[in-house]
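Comments concern the structure below.
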Amino acid sequence: MAFVGFRNTHNHTIYVNPAQVLYVSTYEEDVSIIAYAVSDAAGKPVVSYVRGSADIIQHKLGTAGAK
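Per the numbering used here, numbering through the sequence shown is continuous, rising by one, with the last residue being 189.
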């Protein structure tokens, strides 16, 4: 299991397990949302807001999952 590091919108490094990612979507320019296969109390996926386009985020996650 390889974790992938990203910078969130507070400029902190977070590490993501690609196997737990449901989807990646654009939030605004150069900010993307990563949704996880874990739900909150309301039943919605837990999300992280990270720096970078959705294409770049998906590429990094896909590359780590291929190892």
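For each residue, glycine too, the CB sits at the ideal point set by N, CA and C. As the structure is a computational prediction, the values presented were derived from the model and not from experiment.
For the pair Val172 and Asn139, the CB atoms are not nearer than the 7 Å cut-off. Judged by DSSP in its simplified three-state form, Ala141 adopts helix. Nearest to Ala159 by alpha-carbon distance, out of Tyr149, Glu151, Ser170, is Ser170. Between Ile179 and Ser154, the C-beta spacing is below 7 Å. Distance check between Val146 and each of Ala186, Ser175, Thr185 places Ser175 closest, using alpha-carbon atoms only. The C-alpha of Leu183 lies about 7 Å from the C-alpha of Val126.
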